[in-house]
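What follows is a single structure, written as structure tokens, with notes after it.
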Amino acid sequence: MKVGRCVTTRSEITWFCSADGKSFRTWDPATAEQGAAIKVQRFLAPALPGKIIAVGLNYRDHATELGLALPEDPILFLKPATSVVGPGDTIVFPKQAGRVDYEAELAVVVGKRCKDVRKEDAPGVILGYTCFNDVTARDLQVKDGQWTRAKSFDTFAPTGPWIETALENPHDLGISARLNGQVRQSSNTRNLIFNVFELVTFISSIMTLEPFDIIATGTPAGIGPMERGDEISIEIEGIGTLSNSIA
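Residue numbers (the working numbering): 10 to 256.
Given below as structure tokens:
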């Protein structure tokens, strides 16, 4: 099942659900009840997270690309909720930045409040999965040492197009990024160093997770710069495609 947020043809903002990504009904996130059929005008960011917990250096091919050793524990950082935009929204190239990169990622959307989750219980606290672009001002990341400024600009967390709640195996999904139609990243979540359930366990041992919090699980090899006027598309097998333009 796909769930998320949209603007209907009646200009109403609502939650939706869909079995096939073609026909849609209203959906209540509190009860999971389905309602009347609707027509979607445009999709919004599928969730408004209280926090975004992102993971650095979590693909083996990306570590190889950078010539770095595999980390012993997940490397975590935070992105603000104000960086979230949805499919079709514009990524704004900040005037402070000289280089802005795409980073294709599988995102986990938390389904319930939880703390100290055991690995075997992790699937039960996950609402579903979505596409995520961890947009990064690379020159500022290098300059600052700390990552907060480089990854926190408004529009630097495109998310969507919806949350897929019925993925049987999040650890065998093709993931790619296309810049102006050209493939720049192509990998599989089999290459994750710390898998989804291990990340939920590790992160929830540190902080309480709340409904609709996002865990961005890291990016594979092939990161690179975008320019104003470009279009970037993140595609994940079993979920869909998230596309945004840069201005």
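Ideal Cβ positions, reconstructed from N, Cα and C, are used throughout, including at glycine.
Since the structure is predicted, the reported quantities are computational estimates derived from the model, not experimental observations.
Three-state class that DSSP yields for residue i in the structure shown
i    : result
K60  : coil
E244 : strand
Q191 : strand
I232 : coil
P167 : strand
G249 : strand
F221 : coil
I100 : strand
E129 : helix
A78  : coil
A175 : coil
I184 : strand
I22  : strand
Per DSSP, cross-strand counterpart(s) of residue i
i    : result
W36  : Q43
R51  : V16
N200 : DSSP, once it has assigned bridges, lists no residue as partnering N200.
S27  : K11
F65  : A quick correction: the sequence has Gly, not Phe, at residue 65. DSSP, once it has assigned bridges, lists I84 as partnering G65.
T139 : A116
I255 : I100
D110 : T145, P234
V205 : For V205, which the question treats as bridged, DSSP gives no partner whatsoever.
V94  : P167
Cutoff 7 Å; reference residue i; Cβ partners in own chain excluding five residues on either side
i    : result
T18  : K48, Q50
N1   : The structure shown has nothing for residue 1, since the chain only spans 10 to 256.
L136 : V118, V119, G120, I172, T174
Cβ pair residue i, residue j closer than 8 Å
i    : j    : result
F141 : A116 : yes
G44  : I172 : no
E81  : A225 : no
D29  : V119 : no
T145 : E112 : yes
K169 : T139 : The sequence given here has Gly at residue 169, not Lys. Contact flag set, yes.
G65  : G227 : yes
A63  : D143 : yes
E207 : K128 : yes
I61  : L87  : yes
L53  : P167 : no
A131 : V16  : no
Proximal residues to residue i (C-beta, below 6 Å), its chain only, five neighbours per side dropped
i    : result
N197 : G183
A56  : V118, F221
R108 : R147, D148, P234
G231 : R193, Q194
S27  : K11, F33
W156 : F86, Q150
Spatial neighbours of residue i in its chain, beta-carbon cut-off 8 Å, leaving aside the 5 residues before and after
i    : result
S32  : A46
H180 : T198, R199, L201, N204, V205
Determine, using beta-carbon pairs with one atom in the stretch 121-129 and one in the stretch 217-228, whether at least three such pairs fall under 8 Å. Touching, per the Cβ criterion.
Is the stretch 91-102 close to the stretch 160-170, with three or more CB pairs under 8 Å? yes
For the 8 Å Cβ check, are there 3 or more pairs between the stretch 99-110 and the stretch 229-238? yes
Quick test of the definition: if touching needs 3 or more C-beta pairs under 8 Å, does the stretch 33-42 touch the stretch 66-82? no
Specify whether the stretch 177-192 and the stretch 237-254 touch according to this definition: at least 3 beta carbon pairs, one from each stretch, less than 8 Å apart. yes
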